[in-house]
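Data first, discussion second: the structure below is written as structure tokens.
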Amino acid sequence: MKPTSRLDWVSQAGIRVIKDNQDVSGAFLASPNFRVYRYSWVRDGSYIAMALSQAGERQASAAFHNWTARAVTSQADKITALSKAARQGRQLDQRLFLPTRYLVDGSVETGGDSWPNTQFDGYGTWLWALADHLGGKPVSQEQAVVLAADYLASVWQLPCYDYWEEFGDRQHTSTLAAIAAGLRAAADLTGKPRYGQVAQDVWAWVLEHCVKDGMFVKGPQDSRVDASLLSLAVPLGLTAVDDPVYAATLARIEAELVSPAGGVWRYLGDSYFGGGAWVLLACWLGLAQLKSGRAAAAQASLGWASGFASSAGWLPEQITDPDHTQQPEWRTPWAEKWGEPANPLLWSQAMYILLDDRLARVDAEDSSSTDKSSIMAMADPGRRGR
Ligand code: BGC
């Protein structure tokens, strides 16, 4: 049986879309049809690689990890200078910060669309995804792992742009969580405990400064909830889904960020393309719901997302009709500036695959279990056949 055969047709199409848009270098285009996304983001790519590894497409994910390792190694001089300055307690030169996205050949984009390019989360997520991919096997990219970890250990206390490439003047909970998880992974991969110590410091800082009224918030200076906070438990595992603070955050995401027409907003007040409902976030919410034992809710999240797949199985970044947008008046200005929203978005395809795969595994466990009652009770009776 082929490893992907348990997946539905949207996932199967998603794997093809992802592989078709993987450059020979190993890099993924964030979106082939949206001009300003024709780059390889470390953040997007790390989630895409997770989906490929989980779906059994390990060669393709390994190619991405090798590409990222080469991209990081090409920045070694900058990282060494930054780490030295950090150790000496000197101010860090922002020109030495790593980019969040690269051209597919691994070079740094210099001109063109100058938009926020300093974000730390991607490198943390990459380290986590690499360790997850290797599953305890020895790492062949150790030099890059050490460089990325040194970088994160040097910069974590500084402001940067967030997951959504906004608010560059402050720190962000999800960014810090990605850094903590990445450093923890680096300690495991390299056997260097110092990265684990910094990871602990980062996470302790999050617990002290990024929890308000018993819930994780967008950042120390922003008490809104942000859908990227889902990452803290799924996949990063920094907290359990039933931890009271995470559970309360999840409940707040479901109460405030699920659009009345379905799908998930990034945060309240988002105006990018009108602030639509994101497909990847609906799937991400499904992963958290499933991990919390709510298979029917997770299935409904997947069902919402699959309803927006094109006949070729493409999934867009976000749904931007007036029913799904927070500020519909902002859709046209963005479309005039950059064109129609990205479609397909490889990160959307990846999150769909991750959720579909997890649900399929629950199905498989269900049918092999002698006591099916608990899962059966959660499952939607109208669940698709596989
Ligand atoms: C999102 C980023 C993403 C990038 C490429 C941006 O609009 O805010 O999170 O990495 O698109 O997909």
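Okay, so the sequence shown: first residue is 1 according to this note's numbering, each after it adds one.
Where a beta carbon is used, it is the ideal one built from N, C-alpha and C, also for glycine.
Given the structure is predicted, the values throughout are model-derived calculations rather than measurements.
*In chain order, what residues of the same chain have a beta carbon less than 7 Å from the beta carbon of T173, not counting five sequence neighbours either side?*
In the same chain as T173, and ignoring 5 residues on each side of it, the C-beta atoms closer than 7 Å to its own belong to V206, C210, F216, V217, K218, G219, L229, in chain order.
_Local Cβ density within 10 Å of K291, reported as buried at 16 or more and exposed below that_ = When all chains shown are included, K291 counts as buried.
*Helix, strand or coil for D278 per DSSP?*
Before going on, a small fix: residue 278 reads as Trp here, not Asp. Judged by DSSP in its simplified three-state form, W278 adopts strand.
*Helix or strand or just coil, what does DSSP make of R90?*
Residue state for R90 is assigned as coil, using DSSP reduced to three classes.
_Contact test: A30 Cβ vs the ligand BGC heavy atom, cutoff 6 Å_ = The ligand BGC has a heavy atom closer than 6 Å to the beta-carbon of A30.
*asked:* Taking the straight line between their C-alpha atoms, what separation do you get for A240 and A233?
replied: When rounded, the distance between both Cα atoms is 6 Å.
*For Y151, which of helix, strand or coil comes out of DSSP?*
Assignment of Y151 by DSSP, reduced to helix, strand and coil, places it in the helix class.
*Can you tell me which of L158, S259, G136, Q157 puts its alpha carbon nearest to the alpha carbon of A187?*
The residue with the shortest Cα to Cα distance from A187 is G136.
*S292 by DSSP, collapsed to three states: which one?*
Three-state result, S292: coil.
_Simplified DSSP state of T110, which is helix, strand or coil_ = For T110, the three-state secondary structure derived from DSSP is coil.
*Within the same chain, show all residues whose beta-carbon is closer than 6 Å to that of S5, passing over the 5 residues directly before and after it, in chain order.*
Once the five neighbours on either side are set aside, S5 has no close Cβ partner at all.
*For Q326, name the three-state secondary structure that DSSP assigns.*
Correct three-state label for Q326: coil.
*Do the stretch 313-322 and the stretch 6-17 meet, that is, are 3 or more Cβ pairs less than 8 Å apart?*
Judged by Cβ distances under 8 Å, the stretch 313-322 makes contact with the stretch 6-17, as three or more pairs qualify.
*Residues in its own chain within less than 7 Å of D20 by CB, not counting five upstream and five downstream?*
Answer for D20: no residue qualifies.
*Give a single yes or no on whether E165 has its beta carbon closer than 6 Å to a heavy atom of the ligand BGC.*
For the ligand BGC, at least one heavy atom lies less than 6 Å from the Cβ of E165.
*Is Y37 near the ligand BGC, judged by its Cβ being under 6 Å from some heavy atom?*
With a threshold of 6 Å, the Cβ atom of Y37 counts as near the ligand BGC, since some heavy atom of the ligand is closer than that.
*Can you list, in chain order, the residues of its chain whose CB lies under 7 Å from that of H324, leaving out five sequence neighbours each side?*
Apart from sequence neighbours up to five positions away, the residues of its chain that approach H324 with a beta-carbon distance below 7 Å are S259, A261, G263, G276, A277, ordered along the chain.
*So is the beta-carbon of W41 under 6 Å away from any non-hydrogen atom of the ligand BGC?*
It does: the Cβ of W41 is within 6 Å (strictly closer) of some heavy atom of the ligand BGC.
*asked:* Counting C-beta neighbours from all protein chains within 10 Å, is the total for A364 16 or more, i.e. buried, or is it exposed?
replied: Counting the other CB atoms within 10 Å of its CB gives A364 a total below 16, which places it among the exposed residues.
*Have a look at L257 and A282 and give me their C-alpha separation to the nearest angstrom.*
Rounded to whole angstroms, L257 to A282 spans 10 Å at the Cα level.
_Inter-residue spacing [alpha-carbon to alpha-carbon] between R95 and R294_ = Taking the straight line from one Cα to the other gives about 46 Å.
_Quick check: is any heavy atom of the ligand BGC less than 6 Å from the C-beta of D44?_
True, at least one ligand heavy atom lies under 6 Å from that Cβ.
*Any idea if V42 is buried or exposed, counting beta-carbon neighbours within 10 angstroms, 16 or more meaning buried?*
Result: buried.
*Hey, quick one: how far does the alpha helix (DSSP H) through H65 stretch, first residue to last?*
Where H65 is concerned, the enclosing alpha helix (DSSP H) stretches over 58-73.
*For L287, collect the residues of the same chain with a Cβ closer than 8 Å to its Cβ; drop the 5 residues on either side in sequence, then sort them by chain order.*
Answer for L287: L230, V234, P235, A298, M351, L354, L355, R358, listed in chain order.
*Which term fits V155, buried or exposed, when burial requires 16 or more other beta carbons within 10 angstroms of its beta carbon?*
In summary, V155 is buried, with 16 or more beta-carbon neighbours lying within 10 Å of its beta-carbon over all protein chains present.
*Measure the alpha-carbon distance for V108 versus D169 and round it to whole angstroms.*
Their backbone Cα atoms lie some 23 Å apart in a straight line.
*Using DSSP with H/G/I as helix, E/B as strand and the rest coil, what is W41?*
Collapsing the DSSP output to three states places W41 in a strand.
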